[in-house]
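These notes are about the structure you will find just below.
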Ligand code: 4GN
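Numbering (my numbering), first residue to last: 28 to 259.
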């Protein structure tokens, strides 16, 4: 799988060189191709922004460098092309999984007040949002989306444990985790976890997940309940 990223700030994507995602890239499970939009500018000073028509604050990214960068990276329109924006569909675990199964991807990262609408109309398949808030650029949103979708790509998560066992796969939040020492600052690890009784451990974790979810996210429980009645 190849993930292309078009940005004015390619250095930011060094964040993905670390830990689990960094290893996935190193091992070749995924290819991350970060492209500097500026290198496609036909302006003599490599300018990529200009004043908004109609006036107003800030600058708008010009369409030419974006259009040419997208043509260069995905000439056959093979990629699913995504623009990170608060107008987009919300990223969920289900959406991340879907993107992980969509073949090669292209993420366009806007900056300043936004991107000339014609670049979006010509180049982009869909907009994607992390939620109802605004960032100074699409880069951090793209990195979050890439991290969450790569967790669903086989070979990215090291251990035999898959993304399936964790929060949201069955609409419930995760149970609490503990490691050594058995007592820390007077707080003990729950007895059942050191009992070695696998069935009781599973039962305790399930109960914890349900209790935590109903306390913190009752909306998820409703979802869970309807899914699990539909099955029967
Ligand atoms: C995405 C991008 C928020 C999100 C963004 C989000 C950059 N802010 N909620 N900012 O996922 C102007 C240029 C806004 C692109 C966009």
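Where a beta carbon is used, it is the ideal one built from N, C-alpha and C, also for glycine. Fair warning: this is a prediction, and the values are worked out from it, not measured in the lab.
Quiz item: In terms of residues, what are the limits of the beta strand (DSSP E) holding residue 124?
Solution: It is not in any beta strand (DSSP E) - residue 124 instead sits in the alpha helix (DSSP H) that spans 120-127.
Exercise. Out of 157, 102 and 114, state which residue places its alpha-carbon closest to the alpha-carbon of residue 131.
Key: 102
Practice problem: Decide if the region 71-91 is in contact with the region 209-223; the criterion is three or more beta carbon pairs, one per stretch, under 8 Å apart. | Solution: With a cut-off of 8 Å, the region 209-223 and the region 71-91 do not count as touching, because too few Cβ pairs lie within range.
Practice problem: Would you decide whether residue 259 is buried or exposed? Buried here means 16 or more other CB atoms lie within 10 Å of its CB. | Solution: The predicted model places residue 259 with a pLDDT of 48, which falls under 50 and marks its position as unreliable; any figure quoted below should be read in that light. It counts as exposed.
Quiz item: Can residue 112 be considered in contact with the ligand 4GN, in the sense that its beta carbon sits closer than 7 Å to one or more heavy atoms?
Solution: Flag set: Cβ of residue 112 near the ligand 4GN.
Exercise. Give a single yes or no on whether residue 241 has its beta carbon closer than 7 Å to a heavy atom of the ligand 4GN.
Key: no
Practice problem: Could you name each continuous beta strand (DSSP E) segment of 3 residues or more that falls completely within the region 164-249, going from the start of the chain to the end? | Solution: For the region 164-249, not a single whole beta strand (DSSP E) run of length 3 or above is found.
Quiz item: residue 155 and residue 111 look like a contact to me (Cβ under 8 Å); what is the Cβ gap, rounded to whole Å?
Solution: 6 Å
Quiz item: Tell me, which residues are paired with residue 157 by DSSP?
Solution: Bridge partners of residue 157: none, in fact.
Quiz prompt | Rounded straight-line distance, which links the Cα of residue 90 to that of residue 143 | solution = 6 Å
Quiz item: If you measure from the CB of residue 161, is any heavy atom of the ligand 4GN nearer than 7 Å?
Solution: The answer is yes for residue 161.
Exercise. May I ask whether a heavy atom of the ligand 4GN can be found less than 7 Å away from the beta carbon of residue 165?
Key: Yes, Cβ of residue 165 sits closer than 7 Å to a heavy atom of the ligand 4GN.
Quiz item: Bridge partners of residue 117, per DSSP?
Solution: 156
Quiz item: Closest by CA to residue 200, which one among 216, 158 and 120?
Solution: 120
Exercise. Thinking residue 159 and residue 92 are a contact (beta carbons under 8 Å), I'd like their distance in whole angstroms, please.
Key: At roughly 29 Å, the Cβ-Cβ gap does not stay under 8 Å, so residue 159 and residue 92 are not in contact.
Quiz item: Cβ of residue 156 versus every heavy atom of the ligand 4GN: is any distance shorter than 7 Å?
Solution: Yes - the ligand 4GN has a heavy atom lying nearer than 7 Å to the Cβ of residue 156.
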